[in-house]
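Novice: Sharing a structure with you now.
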Amino acid sequence: MELQLQDLRKQYGEKCAVNNVNANLVPGVYGLLGANGAGKTTLMRMICGVLKPTSGSIRLNGKTIGQLGERYYTRLGYMPQYFGFYPDFTAREFMLYMAAVKGLDKKKAKNRTEDLLQMVNLADVADKKIKSYSGGMKQRLGIAQAELNNPSILILDEPTAGLDPKERVRFRNLISNFAKEKIVILSTHIVSDVSYIADTILMMKQGSFLLQEGMDTVTDSIRGKVWELLVDERTAAKYSRDFSVVNLHHENNMVRLRIIEESAPREDAQSVEPSLEDLFLYYFGEETKRQEER
Amino acid sequence: MLVKYEFLKILRKKSTLIVMAVSLILTGFLFGLPVMQYQIYNQDGVIKGAEGIAWEKEQSAELSVPLSEEYVAETIREVQGLFENPDNVGYDGNEKFLIGDAYWNKVAQREKLLNLIANTYSKPNEILGYNNLPDLDIKDGASFYQAMEAKIQTLLGDSSRALSQEQKEYWGSMAGRVNTPLQYGYYGGWEVIISSFELLMFSLLAICIVVAPVFSGEYQSGTDAVILSAKYGKTKLATAKITASLLFGTAAFILHIAVACIGPLAAFGADGWNLPLQIANTVIPYPFTFLQAVLINIGIVYLVLVAMIGLTLLLSAKVKSPYLVLIILVPVLFIPMFLTPNGTTGAYNLTLFLLPYRSTMPEFGKYISYQFGGLVLDALTVRAIVYAFLIIIMLPLAKLGFKKHQVA
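Heads up: the protein sequence lines correspond to chains A and B, in order. Residue 150 is where the first sequence starts when you use this note's numbering, and the numbers rise one by one after that. Residue 214 is where the second sequence starts when you use this note's numbering, and the numbers rise one by one after that.
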């Protein structure tokens, strides 16, 4: 199975949300990383066939979505970022409804619904109305519906947004369980969400892919460029202005800085093993800072 | 299965229950008003509500007769006889009228019938009462049906109506199909229903309010992305949504019609269902009984409703919020309420009579017709055709609108 994104582009007036994206995706978990507004959601909507690209094509095993029609959607599971549900439905009714929209026969729909509700730990509250659910429960129901048709392409847009750390871990494990032999595209701007489960990282900035790398080699580009050093607070303030500081930790009266720089910022700086978060901040540090300020 | 869930989605909303409850109460109240406000006078004074209705029905029991030429002539003669006795006659400086026992014992209980007879002999746009009957010359018989036909011909020939020869022939031929002699009788319940049809506009709006979120509600809540990316999202689901909306609309319409009819028919009774419309007004050309007339107009109002559901769904598929749907829809339904026709011909009037509000009003006695070359069609037929056509156009467009919706 191969999902090809060819010269994919989406233009809104003057603004280019997705700009000539190319990728050949085979089964595996893809962590789609990017700051807010990088074009991740737009890209995912196009892959899901709910948003028409301005140009370019999406092909599954060589055939476009248009050519495949229902056959494409049969193989697709999608959990969007902002997902409304039907507050007056119970979780079980919602799952059965989605199963009907996905074309599952009655018996299969019932079995899959029960299995998935069990899997996402909602079986006990399956007959309660969704409006009584917490954010985490709704997210779990969201992924359960995406899995109903056992899709070979699973698209998850910011699935952990708004979840507490415990829920996030539970969610990651769920995704890992569902991911076997599938193309899973998991978009997030929370690096730790993908660092444990992704096989490949797709990093997106201003509508384009900055890099597409396997998880084991993704940090190679900054290997030897990540430094740690202990400085006083005054120096820390100066280094924060002059260098790309990705982490800052106060230790007694001193500050431990983690800096990404071509060469050691000071003689006593120690070269350390780069992490995915370093890479993310290296590319998006300024944008993330601006968003935090906003 | 999909239809069932879509129907449930509509039904489960609290707003659906509230809107439907309010609309049903309003419909029951509006159609019940004539019952509550009903009053009739007898020698002892005014009798109101159900008691008054019962009294009138009792008085009308003897009036269930065929209006033969002999019966009409005899009735006119009787009234003329009453006026010949000066003790029976009052005068208000303008016109003569019967007083005392002559009125209460001989006229009051059949005044409606006497007015009908008097008006059959009147000129167009002239309204007469029983006190004009003494002016009629019936030495050679009543010639009631001749007068009825002559009045219709005069109406059709009225230059202000600007009817073509084909239209005159159409109406003349239709009026000729009315069975005579007319069978008279009590028809109070049907009269109330026929004159109140436009009040169903509120129920039409209520049903449209309920179906407004069918597509746009998905866009607003963000569920559009999930359902449109599913196998049947762009195909069977849209059809299921439309079917569920129509099922809901039909069920709600039946409920409203039942509520609308139950008050008048329970209070006034269903008497008169098989009597001809002409006993309410002899110039009505449609050869229908009261029941047929009501059923035909209910059918047309239903077509208007389905077309309005079609328009609502089309808008719902195109705009992002149910509120926007209503902002467009409410004026379409209600602005025509404030537009008054200034005749029965001309593009303005003929268009007005086809708009949703006017289309709920049967206007049986107005001779509204549409001519296409040599083909003449009456308003009821044209309304049925226009709204059926709109349904055929709008429902597939609504489906297409949802299918083409872009999640952005």
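Beta carbons are placed, not taken as given, at the ideal position from N, Cα and C, and that holds for glycine.
Counting contacts by CB-CB distance shorter than 8 Å, is GLY435 of chain B in contact with chain A?
Specialist: Counting from 1 along the second sequence, the entry for residue 435 of chain B is found at position 222. At least one beta carbon of chain A lies nearer than 8 Å to the beta carbon of GLY435 of chain B.
Novice: What residues are listed by DSSP as bridge partners for SER582 of chain B?
Specialist: Here residue 582 of chain B refers to the residue found at position 369 of the second sequence. For SER582 of chain B, which the question treats as bridged, DSSP gives the partners B:ASP591.
Novice: Which residues in chain B have a C-beta closer than 9 Å to the C-beta of LYS251 of chain A? List them in chain order.
Specialist: By 1-based counting over the first sequence, the position of residue 251 of chain A is 102. Chain B residues near LYS251 of chain A: ALA443, LYS444, TYR445 and GLY446.
Novice: For the beta strand (DSSP E) containing TRP376 of chain A, list its first residue and its last residue.
Specialist: Residue mapping note: residue 376 of chain A aligns to position 227 of the first sequence, counting from 1. First-last of the beta strand (DSSP E) with TRP376 of chain A: 375-381.
Novice: Where does the unbroken beta strand (DSSP E) through ASP254 of chain A begin, and where does it stop?
Specialist: The sequence position of residue 254 of chain A within the first sequence is 105, counting from 1. Here ASP254 of chain A belongs to no beta strand (DSSP E), and DSSP marks it neither H nor E.
Novice: Within the 8 Å Cβ cut-off, does MET233 of chain B reach chain A?
Specialist: Along the second sequence, one-based indexing puts residue 233 of chain B at 20. So, not an interface residue.
Novice: What would DSSP say about ASN562 of chain B, mapped onto helix, strand or coil?
Specialist: Sequence index remark: in the second sequence, residue 562 of chain B carries index 349 (1-based). Helix, per DSSP.
Novice: Straight-line CA distance for LYS364 of chain B to SER373 of chain B?
Specialist: Residue 364 of chain B sits at position 151 when you count from the first residue of the second sequence. Residue 373 of chain B sits at position 160 when you count from the first residue of the second sequence. So the alpha carbons of these two residues sit roughly 15 Å apart.
Novice: Could you check which residue in A:GLU307, A:ASP313 and A:ALA172 has the C-alpha nearest to that of ALA184 of chain A?
Specialist: Here residue 184 of chain A refers to the residue found at position 35 when the first sequence is read from its first residue. Considering only alpha carbons, the answer is A:GLU307.
Novice: Taking 6 Å as the limit between beta carbons, can you name the residues of its chain near ALA425 of chain B, skipping five residues before and five after?
Specialist: Within the second sequence, residue 425 of chain B is the residue found at index 212, counting from 1. Closer than 6 Å at Cβ, skipping near neighbours: THR525, SER529, PRO535, VAL538 and LEU539.
Novice: Exposed or buried, which one is LYS387 of chain A when buried takes at least 16 other CB atoms within 10 Å?
Specialist: By one-based count along the first sequence, residue 387 of chain A stands at place 238. That one is exposed.
Novice: Report the rounded CA-to-CA distance for ALA187 of chain A versus SER336 of chain A, giving the unit in angstroms.
Specialist: Against the first sequence, residue 187 of chain A aligns to sequence position 38. Against the first sequence, residue 336 of chain A aligns to sequence position 187. Taking the straight line from one Cα to the other gives about 11 Å.
Novice: With a Cβ-Cβ cutoff of 8 Å, do LYS319 of chain B and LEU295 of chain B count as a contact?
Specialist: One-based indexing of the second sequence puts residue 319 of chain B at position 106. One-based indexing of the second sequence puts residue 295 of chain B at position 82. In this structure, LEU295 of chain B lies closer than 8 Å to LYS319 of chain B by Cβ.
Novice: Note down the Cα distance separating ALA293 of chain A from ILE605 of chain B, rounded to an integer number of angstroms.
Specialist: Residue mapping note: residue 293 of chain A aligns to position 144 of the first sequence, counting from 1. Residue mapping note: residue 605 of chain B aligns to position 392 of the second sequence, counting from 1. Cα to Cα, ALA293 of chain A sits roughly 39 Å from ILE605 of chain B.
Novice: Label ASP273 of chain A either buried or exposed according to how many other C-beta atoms from any shown protein chain fall within 10 Å of its C-beta, with 16 as the threshold for buried.
Specialist: By 1-based counting over the first sequence, the position of residue 273 of chain A is 124. Per the 10 Å Cβ criterion, exposed.
Novice: With respect to the alpha helix (DSSP H) encompassing PHE428 of chain B, which residues constitute its N-terminal and C-terminal limits?
Specialist: Numbered from its first residue, the second sequence carries residue 428 of chain B at position 215. Looking at the DSSP string, the run of the alpha helix (DSSP H) that includes PHE428 of chain B is 426-434.
Novice: In angstroms, rounded to a whole number, what distance separates the CA positions of ARG405 of chain A and HIS398 of chain A?
Specialist: Here residue 405 of chain A refers to the residue found at position 256 of the first sequence. Here residue 398 of chain A refers to the residue found at position 249 of the first sequence. Looking at the two C-alpha atoms, the distance is approximately 5 Å.
Novice: Need the endpoints of the alpha helix (DSSP H) that PHE232 of chain A sits in, please.
Specialist: Counting from 1 along the first sequence, the entry for residue 232 of chain A is found at position 83. It is not in any alpha helix (DSSP H) - PHE232 of chain A carries neither H nor E in the DSSP assignment.
Novice: Let me see if you follow: with CB-CB separation under 8 Å, is PHE234 of chain A close to chain B or not?
Specialist: Taking the first residue of the first sequence as 1, we reach residue 234 of chain A at position 85. Under the Cβ criterion of 8 Å, PHE234 of chain A is counted among the residues facing chain B.
Novice: Is the beta carbon of GLY587 of chain B closer than 8 Å to that of GLY241 of chain B?
Specialist: Start at 1 with the first residue of the second sequence, and residue 241 of chain B comes out as number 28. Start at 1 with the first residue of the second sequence, and residue 587 of chain B comes out as number 374. No, these two residues do not count as a Cβ contact at 8 Å.
Novice: Where do the ends of the alpha helix (DSSP H) carrying VAL507 of chain B lie?
Specialist: Position 294 of the second sequence, counting from 1, holds the residue named residue 507 of chain B. Segment 503-531, the alpha helix (DSSP H) holding VAL507 of chain B.
Novice: From ILE371 of chain A to LEU428 of chain A, what does the alpha carbon distance come to, in whole angstroms?
Specialist: Stepping through the first sequence from its first residue, residue 371 of chain A is reached at position 222. Stepping through the first sequence from its first residue, residue 428 of chain A is reached at position 279. For ILE371 of chain A and LEU428 of chain A, the distance between alpha carbons rounds to 7 Å.
Novice: Taking just the CA atoms, how far does ILE407 of chain B sit from PRO569 of chain B?
Specialist: Residue 569 of chain B sits at position 356 when you count from the first residue of the second sequence. Residue 407 of chain B sits at position 194 when you count from the first residue of the second sequence. Rounded to the nearest angstrom, the two C-alpha atoms are 16 Å apart.
Novice: Can you check DSSP and say which residues form a bridge with VAL170 of chain A?
Specialist: By 1-based counting over the first sequence, the position of residue 170 of chain A is 21. DSSP lists A:LEU157 as partners of VAL170 of chain A.
Novice: Closer than 7 Å between beta carbons: that is the criterion. Which residues of the segment 176-207 of chain A meet it against chain B?
Specialist: ARG194, CYS197, GLY198, VAL199, LEU200 and LYS201
Novice: SER335 of chain B lies in the alpha helix (DSSP H); which residues open and close that run?
Specialist: As a working note, residue 335 of chain B is residue 122 in the second sequence. Taken as a continuous stretch (DSSP letters only), SER335 of chain B belongs to no alpha helix (DSSP H), as it is neither H nor E.
Novice: Verify whether the separation of the beta carbon atoms of LEU181 of chain A and LEU303 of chain A is less than 8 Å.
Specialist: Position 32 of the first sequence, counted from the start, is the residue given in the question as residue 181 of chain A. Position 154 of the first sequence, counted from the start, is the residue given in the question as residue 303 of chain A. Taking 8 Å as the Cβ cut-off, LEU181 of chain A and LEU303 of chain A do not qualify as a contacting pair.
Novice: From LEU265 of chain A to TYR221 of chain A, what does the alpha carbon distance come to, in whole angstroms?
Specialist: For the purposes of this step, residue 265 of chain A is taken as residue 116 along the first sequence, with counting starting at 1. For the purposes of this step, residue 221 of chain A is taken as residue 72 along the first sequence, with counting starting at 1. Whole-angstrom Cα-Cα distance: 22 Å.
Novice: Check distances from the C-beta atoms of the segment 222-233 of chain A to those of chain B and list, in chain order, the residues that come in under 7 Å.
Specialist: TYR222, THR223, LEU225, TYR227, PRO229, TYR231, PHE232 and GLY233
Novice: Alpha helix (DSSP H) containing ASP437 of chain B: first to last residue?
Specialist: Here residue 437 of chain B corresponds to residue number 224 of the second sequence, with the count starting at 1. 437-441 is the extent of the alpha helix (DSSP H) around ASP437 of chain B.
Novice: Given a cut-off of 8 Å, decide if VAL333 of chain A and LEU425 of chain A are closer than it, judged by their beta-carbon atoms.
Specialist: Counting from 1 along the first sequence, the entry for residue 425 of chain A is found at position 276. Counting from 1 along the first sequence, the entry for residue 333 of chain A is found at position 184. In this structure, VAL333 of chain A does not lie closer than 8 Å to LEU425 of chain A by Cβ.
Novice: Whose C-beta lies closer than 7 Å to the C-beta of ARG571 of chain B among residues of the same chain, with five residues either side of it excluded?
Specialist: The residue labelled residue 571 of chain B in the question sits at position 358 within the second sequence. Once the five neighbours on either side are set aside, the close Cβ partners of ARG571 of chain B are PRO549 and LEU565.
Novice: Is it the case that the segment 313-328 of chain A contacts the segment 153-164 of chain A, given that we only count it when at least three CB pairs across the two stretches are under 8 Å?
Specialist: With a cut-off of 8 Å, the segment 313-328 of chain A and the segment 153-164 of chain A do not count as touching, because too few Cβ pairs lie within range.
Novice: For GLU282 of chain B, collect the residues of the same chain with a Cβ closer than 8 Å to its Cβ; drop the 5 residues on either side in sequence, then sort them by chain order.
Specialist: As a first step, residue 282 of chain B must be located in the second sequence, where it is residue number 69. GLY354, ALA355, SER356, PHE357, TYR358 and PRO394.
Novice: Taking the alpha carbon of PHE392 of chain A as the reference point, which residue from A:ASN401, A:GLU382, A:ARG383 and A:ARG407 has its own alpha carbon closest?
Specialist: Along the first sequence, one-based indexing puts residue 392 of chain A at 243. Among A:ASN401, A:GLU382, A:ARG383 and A:ARG407, the Cα nearest to that of PHE392 of chain A is on A:ARG407.
Novice: In chain B, what lies closer than 7 Å to TYR445 of chain A by C-beta?
Specialist: There is no way to answer for residue 445 of chain A, as the model of chain A reaches only from 150 to 443.
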